[in-house]
Every structure is written in structure tokens, then in C-alpha cells.
Amino acid sequence: MKSQRNLTFILALASCLSAMATVKPASLFQNGMVLQRGREIPVWGTADSGERVDVVFRGHTYTTTAGADGKWRIQLPKQKAGGPYTLNIAGTELTDVLIGDVWICSGQSNIDVNIERVYPIYSAEVDAANDNHIRLIRVINQTNTHETQTHTRTTAWQPLSKQDAWQFSAVGYFLGKEMKRRHGVPQGIIQTSWGGTPIEAWLSSETMRSRWPEQYEETQVWDDANMVEAWSRASAASSNRWEKMLAERDLGLKEDWTSSSYREGPEWQAVEQFQPNLADWAQPQADDATNQGLKRRLAECQDLASYGLQSTQLVSGRSFCGTLYLRQHIHIDAAHAGRPALLLLGTLYDQDYTYLNGKEVGRTYYQYPPRRYSIPAGLLKEGDNVLTIRFVNKSGIPHFIPEKPYMLVFEDTKDTVRLATTWLKRVGCTMPTQRGGGAALQNLPSTLYNAMLAPLAPYAISGVVWYQGESNTGRAQLYADQLAALEADWRKAFEQPELAFAIVQLANHMAPSLQPQETGWAQLREAQRTVAQFDAHSGLVVAIDCGENVDIHPLRKHLIAERAANCFDRLVFQKKNELSPAPVSALRKGNEVVITFDAPLSPSTRIHEVELASADRRFRNADARAEGQNLIVRLPEGMEKAAFLRYAWKNNPLRANLYGRTSLPATPFEMPIP
1 MKSQRNLTFI
11 LALASCLSAM
21 ATVKPASLFQ
31 NGMVLQRGRE
41 IPVWGTADSG
51 ERVDVVFRGH
61 TYTTTAGADG
71 KWRIQLPKQK
81 AGGPYTLNIA
91 GTELTDVLIG
101 DVWICSGQSN
111 IDVNIERVYP
121 IYSAEVDAAN
131 DNHIRLIRVI
141 NQTNTHETQT
151 HTRTTAWQPL
161 SKQDAWQFSA
171 VGYFLGKEMK
181 RRHGVPQGII
191 QTSWGGTPIE
201 AWLSSETMRS
211 RWPEQYEETQ
221 VWDDANMVEA
231 WSRASAASSN
241 RWEKMLAERD
251 LGLKEDWTSS
261 SYREGPEWQA
271 VEQFQPNLAD
281 WAQPQADDAT
291 NQGLKRRLAE
301 CQDLASYGLQ
311 STQLVSGRSF
321 CGTLYLRQHI
331 HIDAAHAGRP
341 ALLLLGTLYD
351 QDYTYLNGKE
361 VGRTYYQYPP
371 RRYSIPAGLL
381 KEGDNVLTIR
391 FVNKSGIPHF
401 IPEKPYMLVF
411 EDTKDTVRLA
421 TTWLKRVGCT
431 MPTQRGGGAA
441 LQNLPSTLYN
451 AMLAPLAPYA
461 ISGVVWYQGE
471 SNTGRAQLYA
481 DQLAALEADW
491 RKAFEQPELA
501 FAIVQLANHM
511 APSLQPQETG
521 WAQLREAQRT
531 VAQFDAHSGL
541 VVAIDCGENV
551 DIHPLRKHLI
561 AERAANCFDR
571 LVFQKKNELS
581 PAPVSALRKG
591 NEVVITFDAP
601 LSPSTRIHEV
611 ELASADRRFR
621 NADARAEGQN
631 LIVRLPEGME
641 KAAFLRYAWK
651 NNPLRANLYG
661 RTSLPATPFE
671 MPIP
């Protein structure tokens, strides 16, 4: 009888445990999470149809039943900041739960830029930062072409520290610190982003189908798992075959050109590091029009130099595919021999394998990351040392990026040894251009909304940093409508009609110019400004002074985070702080045009990067000054009937110098003149 009762108890317990095991909370509900203060907190997930779900929080039990679709949801009442607490979901205890403010950071590669990348300019701050009241979590990249997912893959919530933030968004990291400093409550930062992706990937399929059906059709073409798998297999096979051929043909691998004992013969040719194309033995003859264009750009660069501004090296010549080896000899004295060091190789195009005295010290697979390679103790020897770079180019033109550091740094003493700008070069092999590539589903409309955004909703949050746009500069005319649609999609998904967005405007980038430009980068900045201007719950993070000529990923992410925090202070916390000045009206007064801004300007008698145009939209440079809240532009002779005025309307308006009284840069803009 006793054994029968025990069996009955065991079966009942097993049944209970089995039922509990089917309850699965949404992916963000983990140990160490941060829940949003001051608003109702949705807790949701999936279970068996009709299954009871109990949630216990701070001594109160909340109960619901899973619907026919297996979904369940409970609303916790508003909470004040605090913790740590325990949240029990169907018998599973989640510990170390904080209540504070939660922010999403999303977009493409500039939100992906991590602490490792920016560490050299923020090393002291990052080394000293440890805060258990700031928690970070990242959504792992994945796609879905046909439906919104209920769950997504995430990392774990981690406290802010150098180790846990090393691969986390630098903007998100600094935003958490800044908002904690300003408001004194726990902060949760959710990173959901993917480098190189267009805005369409983050829009819902409902929106894309109804408003941009032609674009959405491409997603439907790829909505076949078998086809995607076959394409991926073929692409992988093609890549493997190319790599195998490369290894078989590369004379540098066969003869070990990276060895310290190898001696360069007459086949090696001296080359200057910053020549436009390292692979060209002789530059191809350009036609007259090209020569004139290059001469004009070079003249502009010389003019820019008179303002103390650097310019991007012109890159020209023929594409090269294959391997290119560069070698140079470095003399190390007895005082530095054997000591560990850091090798700074700037950035280069495209892929490199780097060796010192025959030992590989680092490799990077694409052009953007800075090359910072650690040299272990004992590798550098007194006297002659050999540095070898094996370039691997699958397309494009191999070159070094100017304006970056190229040196050895002995970190204990900060002593440096600069690399020579003359190298010896030799081609290892030439190859046909590599074709194919994966299906790149992350670039298709709605695939990231389905897999990396929808599963996060309706987690209670305070706001979103949206840092994206580089991939849409080729179709900037659509961006304002698509950005407004994205905000509407996300507000609907998170059930927060007033959800705040801090829109990071594209930074200055590429070769500067003294002449007016028609550019997709400027058009997209204008779209970002327009959305922020006409949406009461959006703010503009102006970054026109943060960029770099030669790097699409500016490193001053702390500044971006501070300006995003300014937006959130105004949008979420109703503070009256000033943001970057933005134009509100234009008025013609005699031979001048007066643009009035929404904030006082820093006075200046000479504002650069101002342009005027008649109805034909042929822009020319104009003289301007800043007084009070006005930008005053003089109408030159022949332009009395100017119809348009714009400011900082270039890829890289390096001379832009219109600022507010709080030292925030004014936004680039274009306005009609009444």
C-alpha cells in the first residue's frame, strides 16, 4: 500500500514537472535582468495550450492561462527603482532582478562598434569601470524570412565591466554609464543590431508589403529554406575552392616569405606605403577627364590643408585579386629587445596576416578594424627584425589607410618605434575575382524585425537609440518615410505610442571638398533631421563633428552616447536641456537671408559650408555669420533671387563650424527661401 502511494506521488510529481517544463518565458527574462520602472511590466512567453502559469514577484502571485496558440502574458504593476529581487515564473526562480530604466540600441555597424575597438581612447575609463547596477545583454544575430518569432537567441545579462563589455556596443556601454550618472537608478541596455544592414530589414512585413511591395518581393523569393541551404552550400564550396587554389598558387607560402631567415632578392620592389595602389607596378594611363578630376580634387586637398585639415589619400588604379607581400626590417636596440610591445598597423584594405620574425602576431579579415597586434615578450631581438604583411585581396585595390598610426609601442614605458614608410613588395599570386557569397538574408526586408526585434516586444523600455543609415545612402529619397514607418512599427510592437527614439545622424566621412556636392549621405542626414523635427517623441543626435575621413566607424562613441542621453532627458524625463540647434524658419531681408534656429547659436563672423542656389538648384558657396538665434547669409551679386539654402551638405563638411551656445553642433539642413 505504501509503495503504491509512493508511486502515485512520483507520477504526480513527474506530471507536474513535465507541465512546468513546457512554460518558457521570453528570451530577455533571465537572471540579472533589469525591468522598467514607472510603467506596467509585461511578462510573457509560451506554454501548452490551456496551461496555468503563475508568476510571483515581491510577495504577490499573478496567474494566467496559456491561450490556444500557446502564448501567455501577465502584467506586473508599476514599480519603483530598486532591487535586487527574485521573479518566479512557473516555479523557475530568476534572481538578481533590478528595477530601473531600459534602453534598446539598434542599427548597423556603428552601433556594433564595441569597447575593444574604442579602448585606446577610453582605456582609463574602461579599466576603472565596474558597476553591478548597469546590465548589458546582446541579441544574437539570426534571420527569419516568413514570420515573427516568439523567442530569440540572446547572451546573458551581464554587469558592466571591462571583461563583460569588451565585445558589447560602445554606444550602449557609455549610454548606460551616462544615464546611471544622471539619474542614479539601475540601467539595462539591450543591443540588437547587425552590421551593414539596411533599414528595410528592421521594418515589419506588414509595413513592407503594404507600402514597399516591390522591395518586399525579394524576401519572398528567399522564403524557401531548401533553396537558402542549397545556396549557402554552393557559396561555401566556391569559397573553399577559391581558398584552396590561393594556397596552391601562393609562391610566398611555398618559399616561406614570412620567415626571418628569408632574404629578399631583386624580385622585391621598393614601394611607398601610401601610394594609391600597392599592387600596381605602373599606374594605368587615365583619360583627360579623369586627370582633370584628379587635379581638381588634389587642388581642393591643398586648399583644405591651409585650414589645418587632413585629407584622404586618393585611391586609384586597377583592382587586384590574390596575395601581396610587404616586408620591412626594423632595428631594435638592446634596451627594448625582448620586451613585449603593441604593433599598430593602422587600417588597410582588405585582409591581412601579419608576421614578426616569422611568427604570426595577428590577422584581420576585413578592412575596417584597426590593426593592434600584441608582440609577446622575447620575440623582438636586438638588431634586425623582420615585419611581413601578407595581404589577401578578393576584390578592390590593396592600400594602407593614411592618418592612422603605424608604429611599435612599448606599453610599459610608452616608448615608440615608428615604422618606415618604404616597404619591399612582391606578388605571391594573382587570382580570379571570388564570386558568389551567402544569401545575406539579413539585408532582406523584415528578416531582422522578425527574428531580432519582434521577440523582444513588448518588454517595457524607456527608449531606443537608432544608429543606422549608411546602407541606405543610395536610396536616401525613401529614408524619411521608412524611418517614420520603423518608429510606428516598433511603438506598436512595444505597445508604447510615445516610445522615445534618439536618431543618430550620419557622421562626416570620406574625402572633404571645398565645392558643393550632391550626395546621398547629405540627403539621408536631411531625412533623419526631418523625422526628428516632425515627431514629438524623436530627438536628433547630431554627429557631423564626430566622423573621420578614412573610417566609416568614428571612434568617439562616448560623445554619441552623451548626446543620445541629452535627447532622452528631454523626451523621457521632460528636462529643458538644449539639443543641437535646428532651423525653424527662413526669412528674406533685403540682400540677406535670415535662418532662425530653435536655440541660441555661438556667435561667429564667418560660418563655413553654407550654400545658396536659384530655382535651378545649382549651388554655390555663400558668406554667413551667426548672431543670437540667427544664421545670417549674404546674397551675393547675381543670387538675389536665391530659392534654396543649405548648410554642411556634403559627405564630409570638415569646415562646418555652426554651434550652439552649449557647444553642440548645428544639424546639417536644406531649406527653401520664401
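If you're matching positions, the sequence shown starts at 1 in our numbering and goes up one per residue.
Note that the Cβ used here is the ideal one computed from N, Cα and C, for glycine as well.
Taking a 10 Å sphere around the C-beta of L587, we find fewer than 16 other C-beta atoms and assign the residue as exposed. M407 sits in a strand when the DSSP states are folded into three classes. Nearest to I41 by alpha-carbon distance, out of Y406, S462, A642, is S462. The beta-carbon separation of P458 and A493, rounded to 7 Å, stays under the 8 Å limit for a contact. Within the model, the alpha-carbon separation for Y449 versus C105 is close to 14 Å.
If the five residues before and after L246 are omitted, its C-beta is found closer than 8 Å to the C-beta atoms of G322, T323, V392, C429, M431, all from its own chain and listed in chain order. Taking a cut-off of 8 Å on C-beta distances, the stretch 594-607 touches the stretch 626-633, as three or more cross pairs fall below it. Note that the stretch 465-476 touches the stretch 502-515; at least 3 beta-carbon pairs, one per stretch, sit closer than 8 Å. With contact defined as three or more Cβ pairs closer than 8 Å, the stretch 80-88 and the stretch 167-177 are not in contact. Take the alpha-carbon of S585 and the one of T596: they are about 5 Å apart.
Taking a C-beta distance under 9 Å as the contact criterion, A561 and V171 qualify as a contact pair. Residue range 162-165 is occupied by the alpha helix (DSSP H) that includes K162.
In the DSSP assignment, G172 falls outside any beta strand (DSSP E) and lies within the alpha helix (DSSP H) extending over 170-183.
From the listed residues A420, L87, L175, the smallest Cα separation to L160 is found for L175. Under DSSP, S604 forms a beta bridge with A626. If you check the CB distance, I190 and L483 do not come in under 9 Å.
Going by DSSP, K359 is part of no alpha helix (DSSP H) but of the beta strand (DSSP E) stretching over 359-364. Taking a C-beta distance under 9 Å as the contact criterion, A68 and S49 qualify as a contact pair. Less than 9 Å separates the beta-carbon of Q187 from that of H133.
In its chain, beyond the 5 residues on either side, S614, A615, I673 have a beta carbon closer than 6 Å to the beta carbon of A643. Here the alpha carbon of T662 sits roughly 22 Å from the alpha carbon of A536. In the structure shown, I115 adopts helical secondary structure according to DSSP, grouped into three states. Around the beta carbon of R618, fewer than 16 other beta carbons sit within 10 angstroms, so the residue counts as exposed. Within the stretch 64-115, complete alpha helix (DSSP H) segments of at least 4 residues are found at 109-112, given in chain order. Per DSSP, reduced to three states, the secondary structure at C429 is strand. The three-state reading of DSSP puts D350 in coil, since its state is none of H, G, I, E or B.
Burial check for R181: the Cβ neighbour count within 10 Å stays below 16, so the residue is exposed. Contact between L203 and A485 is confirmed by a C-beta separation of about 6 Å, below the 8 Å threshold.
Uninterrupted alpha helix (DSSP H) stretches at least 4 residues long and entirely within the stretch 214-261 occur at 225-249, 251-254, given in chain order. Per DSSP, the unbroken alpha helix (DSSP H) holding G520 starts and ends at 520-534. With distances taken between CA atoms, V23 lies nearest to D54 out of D54, Q36, P600, L478.
Here the alpha carbons of Q30 and E178 stand approximately 24 Å from one another. Check the Cα spacing between R570 and each of G520, M227, G252, G539: the tightest is with G539. In the structure shown, M452 falls within a helical segment according to DSSP collapsed to helix, strand and coil. Contact check for V113 against H558 fails: the beta carbons are separated by 9 Å or more. In the DSSP assignment, Y467 forms a beta bridge with G107.
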